[in-house]
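Visitor:
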Amino acid sequence: MNKKTIGALSAAAAAVLALSACGGGSSAESASGEINYWLWDANQLPAYNQCAEDFTKANPDITVKVTQRGWDDYWGTLTNGFVAGTAPDVFTNHLGKYPEFIKNKQLLSLDDAVEKDAIDTGAYNAGLADLWVGEDGKRYGLPKDWDTIALFYNSALATDAGVTAEQMADLDWNPQDGGTYEKTIAHLSVDKNGVRGDEAGFDKNNVDVYGLGLNGSGSGQGQTEWSYLTGTTGWTHTDKNPWGSHYNFDDPKFQESIDWFAGLVEKGFMPKLETTVGASMADTFAAGKSVINANGSWMIGQYTGYKDVSVGIAPTPVGENGKRSSMYNGLADSIYAGTKHPEAATKFVEYLGSTACQDVVASKAVVFPAITTSSDKAAEAFKAKGVDVSAFTAQVADDTTFLYPIADNAAKVDGIMKPAMDAVLSGNVPASSLTGANEQVNNLFK
Amino acid sequence: MTTLNKNPLATGRQFTPASGKRRGQSDVKIALFFIAPAMIGFTLFYLVPTLRGIYLSFTEYSILGDPEWIGTANYQAIATDPLFWNALAVTSQYVLINIVLQTALALGLAILMHRVAKSTLIRGALLLPYLMANVIAALLWFWLLDYQIGIVNYFIDAFGFPKVAFFGSAEWAIPTQALINTWRHMGYTALLIFAGLQSIPSHLYEVANLDGASPMQTFWRITMPLLRPVLALVLIVTVIGSFQVFDTVAVTTQGGPVNASRVLQFYIYQKAFTESDFGYGSALAVILFAILAIVAFIQMKFLKGNDSDLD
Chain X
3 MNKKTIGALS
13 AAAAAVLALS
23 ACGGGSSAES
33 ASGEINYWLW
43 DANQLPAYNQ
53 CAEDFTKANP
63 DITVKVTQRG
73 WDDYWGTLTN
83 GFVAGTAPDV
93 FTNHLGKYPE
103 FIKNKQLLSL
113 DDAVEKDAID
123 TGAYNAGLAD
133 LWVGEDGKRY
143 GLPKDWDTIA
153 LFYNSALATD
163 AGVTAEQMAD
173 LDWNPQDGGT
183 YEKTIAHLSV
193 DKNGVRGDEA
203 GFDKNNVDVY
213 GLGLNGSGSG
223 QGQTEWSYLT
233 GTTGWTHTDK
243 NPWGSHYNFD
253 DPKFQESIDW
263 FAGLVEKGFM
273 PKLETTVGAS
283 MADTFAAGKS
293 VINANGSWMI
303 GQYTGYKDVS
313 VGIAPTPVGE
323 NGKRSSMYNG
333 LADSIYAGTK
343 HPEAATKFVE
353 YLGSTACQDV
363 VASKAVVFPA
373 ITTSSDKAAE
383 AFKAKGVDVS
393 AFTAQVADDT
403 TFLYPIADNA
413 AKVDGIMKPA
423 MDAVLSGNVP
433 ASSLTGANEQ
443 VNNLFK
Chain Y
311 MTTLNKNPLA
321 TGRQFTPASG
331 KRRGQSDVKI
341 ALFFIAPAMI
351 GFTLFYLVPT
361 LRGIYLSFTE
371 YSILGDPEWI
381 GTANYQAIAT
391 DPLFWNALAV
401 TSQYVLINIV
411 LQTALALGLA
421 ILMHRVAKST
431 LIRGALLLPY
441 LMANVIAALL
451 WFWLLDYQIG
461 IVNYFIDAFG
471 FPKVAFFGSA
481 EWAIPTQALI
491 NTWRHMGYTA
501 LLIFAGLQSI
511 PSHLYEVANL
521 DGASPMQTFW
531 RITMPLLRPV
541 LALVLIVTVI
551 GSFQVFDTVA
561 VTTQGGPVNA
571 SRVLQFYIYQ
581 KAFTESDFGY
591 GSALAVILFA
601 ILAIVAFIQM
611 KFLKGNDSDL
621 D
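Protein sequence lines correspond, in order, to chains X and Y.
Residue numbers for the first sequence follow this note's numbering, beginning at 3 and rising by one.
Residue numbers for the second sequence follow this note's numbering, beginning at 311 and rising by one.
#1: Within a Cβ cutoff of 8 Å, which residues of the same chain sit near residue 579 (chain Y), ignoring the five residues on either side of it in sequence?
#2: Can you find a CB in chain Y that lies within less than 7 Å of the CB of residue 235 (chain X)?
#3: Return the chain-ordered ranges of every alpha helix (DSSP H) run that is complete within the stretch 334-419 of chain X and spans a minimum of 4 residues.
#4: Ordered along the chain, which non-local residues of its own chain (more than five positions away) have a Cβ less than 8 Å from that of residue 278 (chain X)?
#5: Three-state secondary structure (DSSP) at residue 58 (chain X)?
#6: CB residue 595 (chain Y) to CB residue 363 (chain Y), shorter than 7 Å?
#7: Just to make sure I have the definition right: I need the residues of chain X whose C-beta is within less than 7 Å of the C-beta of residue 567 (chain Y). Which are they?
#8: Between residue 361 (chain X) and residue 382 (chain X), what straight-line distance do the alpha-carbon atoms span, to the nearest angstrom?
#9: Helix, strand or coil for residue 382 (chain Y)? Go by DSSP, reduced to three states.
#10: Straight-line CA distance for residue 496 (chain Y) to residue 433 (chain Y)?
#11: Residue 457 (chain Y) CB to nearest chain X CB: under 7 Å?
#12: Given that a residue counts as buried once 16 or more other Cβ atoms are within 10 Å of its Cβ, and exposed if not, what is residue 201 (chain X)?
#13: If you compare alpha carbons, which of X:103, X:69, X:94 is closest to residue 84 (chain X)?
#14: Let's see if you can read the secondary structure: which residues bound the beta strand (DSSP E) around residue 39 (chain X)?
#15: Using a Cβ cut-off of 7 Å (strictly closer), state whether residue 374 (chain Y) contacts chain X.
#16: Taking the alpha-carbon positions, what's the residue 368 (chain Y) to residue 415 (chain X) distance?
#17: Return helix, strand or coil for residue 148 (chain X), following the three-state DSSP convention.
#18: Using a Cβ cut-off of 9 Å, pull out every chain Y residue sitting near residue 106 (chain X), in sequence order please.
#19: Beta strand (DSSP E) containing residue 316 (chain X): first to last residue?
#20: With a threshold of 7 Å between beta carbons, is residue 417 (chain X) in contact with chain Y?
#21: Check whether chain Y comes within 7 Å of residue 281 (chain X), counting only Cβ atoms and requiring the distance to be less than that.
#22: For the putative contact between residue 330 (chain X) and residue 65 (chain X), defined by C-beta atoms under 8 Å, what is the C-beta separation to the nearest angstrom?
#23: Give a yes or no on whether the minimum CB-CB distance between residue 607 (chain Y) and chain X is below 7 Å.
#24: Using a Cβ-Cβ distance under 7 Å, would residue 194 (chain X) count as near chain Y?
#25: For the stretch 37-46 of chain X against the stretch 56-72 of chain X, are there 3 or more C-beta pairs whose distance is under 8 Å?
#26: DSSP beta-bridge partners for residue 192 (chain X)?
#27: Out of curiosity, what's the CA-to-CA distance linking residue 484 (chain Y) and residue 411 (chain Y)?
#28: If we count the other Cβ atoms within 10 Å of its Cβ and call it buried at 16 or more, is residue 539 (chain Y) buried or exposed?
#29: With 7 Å as the C-beta to C-beta threshold (strictly closer), list the residues of the stretch 465-484 of chain Y near chain A in chain order.
#30: How many Å lie between residue 82 (chain X) and residue 617 (chain Y) at the Cα?
#31: Using a beta-carbon distance cut-off of less than 9 Å, what residues from the stretch 329-356 of chain X approach chain Y?
#32: Pick helix, strand or coil for residue 547 (chain Y), following the three-state DSSP scheme.
#33: Using a cut-off of 9 Å between C-beta atoms, extract the partners of residue 421 (chain X) located in chain Y.
#34: Three-state secondary structure (DSSP) at residue 326 (chain X)?
#35: In chain order, what residues of the same chain lie with their CB nearer than 7 Å to the CB of residue 407 (chain X), ignoring the 5 residues before and after it?
#36: Can you find a CB in chain Y that lies within less than 7 Å of the CB of residue 286 (chain X)?
See the structure below:
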């Protein structure tokens, strides 16, 4: 049996305290040395290895060690690194995490560098650079890429059901009856006897293929799960964004949308939440167990990479306001406040945020770089691979995006909202129960 | 056997007082020399962290700042924290399933090892699951029992039964994990009990046999009473270990669905390392420490783990 004692826990805490004194000693020196760079997406590793190599060619005094860690380990290791003073000099940062880092003074502000080296923040897609300006008005990251949401669908199964690509691109949705989006999802669902979801005698307890796949409950963000729907109702996560201090999970508009979403499970059009623990949604999609998967643009490579699975990409459905909606998330590279090579790190971040590196990333066709011209190149690179990504780019072009909610206490909000949303999605409680969770969340900001 | 074993102990006891005086001060240094490694380890890795953990439980501490003294506020918050009480209930459920099954199976296995399976190969094979790291065992079963692609559900489905979301459903999450850890630990527990069985003098069984005792009578009247000290030790160690279930939860359900598998250790981890609330996490850990101390004490008392009936 695992012999972890309280001792072990507090040992970690004590060790961490002892080590925290070691962090943060930076000395004035010229831009040289070895800097560490971390990212979490393995798909992007080749692109950034290339960037690091090119960077060293241009700056022979600086070498860059690129390390990739999976998302699950990334943030814990990073926090440990902050405490121990061994965090990477430069790392990929996330909007959901960086407010806490600012609060704990772990990030180096880039204002001086941006001013000195005349970085043009207007070169990035509109709004992306502003996401990384903290509540204190200082800049803590240079944008590297962005993502939106679209509907991946199994085009072979859709064609079998008589659903055309045009129909898929022209879906509408409302929280009352789900519009043509629900009708299509119902039609694409098939039970074990081959009866479709919109036909009489559909056995919702023995479903073979689900119309819509499910990733999880979405916790408090619902980035790929439901935010593309709630966004069309005019609902926003927080009172203002960025730096909201009041969440709106008690809004009837929101709860109505979530009730509709959770209702898909009850109708047999979407898998039960309990079945999503384990194998990923994308993998069950590839196995032909679901037809439509709402997912982010960072998943394009994964969805189009499955052998013998024909994949179409449709934009998210149009809401009652006549517009689509997608969460707009942007990543950036930040510098650790305790870096021993602040100048070299700054130089590297500037390089990562420049067209030189972002064009390299674009050419690999894995994500959309933050610089508008590089982003267009990425779209072309995707096209050359035979993937039409307009469903993702249209959201930006049509200005139908809303920003990832940036607020303090993200981890604690998640700690409350994940179980609360899980309970709703598993059908135990109605969405009105989220009013209680919302109260708890808002108490965090008092 | 027993008399042979007792002699060195007895002689040792007789000689100690006399020889102690003759050795004098010089022995203290040597004694300290031999105790030091364990003492340093104990102080550095157990005593200091425990004291510091207790101190931190009275503070608000986000690890990146300085701890701020807030008195018993953490404990007051815990008393009204529904997730803490939920964690206690969930952990107790886990411990109950895990310990009852594990001890019963291990006892059965130990008797089989003692009476039937004398081959070292078979005895060794029983220990195999224990040689696997906890996380690996958890991941192995996570895949075997997966709802969509697991082989267990494939067979359940093939035999015409409804598939079971072993990790995804609230009813199954804890029993599944308790069973996994039972599977992993019963061989080891059996080995401990087996060692206890071997220390029971065989002439007692011969006498029982001559008196015409049935196997059941022998088991309840001879084996169980004489095994009690070993069973007490095994129970104390396994119950403490069982209360500290963490890795299986961390790599599979992470507390879910909803709060169905949010065991105490995972809740501590979540509060401290995910939500950076190390003060609250420490307070939870201190409470777990107290619970374990009380449980171990009660077990020692009731099972009289310090005495043996062999004398």
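Note that the Cβ used here is the ideal one computed from N, Cα and C, for glycine as well.
Guide: Result, derived from the coordinates:
#1: 556, 560, 591
#2: no
#3: 344-354, 357-365, 374-386, 392-399
#4: 216, 217, 218
#5: Three-state DSSP puts residue 58 (chain X) in a helix.
#6: yes
#7: 275, 276, 424, 428
#8: 11 Å
#9: coil
#10: 12 Å
#11: yes
#12: By the neighbour-count definition (other C-beta atoms within 10 Å, threshold 16), residue 201 (chain X) is an exposed residue.
#13: X:103
#14: Counting along the chain, the beta strand (DSSP E) containing residue 39 (chain X) begins and ends at 35-41.
#15: Chain X, which has a Cβ nearer than 7 Å to the Cβ of residue 374 (chain Y), makes this yes.
#16: 23 Å
#17: Correct three-state label for residue 148 (chain X): strand.
#18: 372, 373, 374, 375, 586
#19: 313-316
#20: Closer than 7 Å: yes.
#21: yes
#22: That belief does not hold up - the Cβ atoms of residue 330 (chain X) and residue 65 (chain X) are roughly 35 Å apart, past 8 Å.
#23: no
#24: no
#25: Taking 8 Å as the limit for Cβ pairs, the verdict is that the stretch 56-72 of chain X does touch the stretch 37-46 of chain X.
#26: X:198, X:211
#27: 14 Å
#28: Buried, by the Cβ-count rule.
#29: Among the chains of the structure shown, chain A does not appear; the protein chains present are X and Y.
#30: 47 Å
#31: none
#32: DSSP places residue 547 (chain Y) in the helix class (H, G or I) of the three-state scheme.
#33: Those are 393, 565, 566, 567, 568, 569, 572, listed as they occur along chain Y.
#34: coil
#35: 223, 239, 240, 243, 246
#36: So yes, residue 286 (chain X) belongs to the interface.
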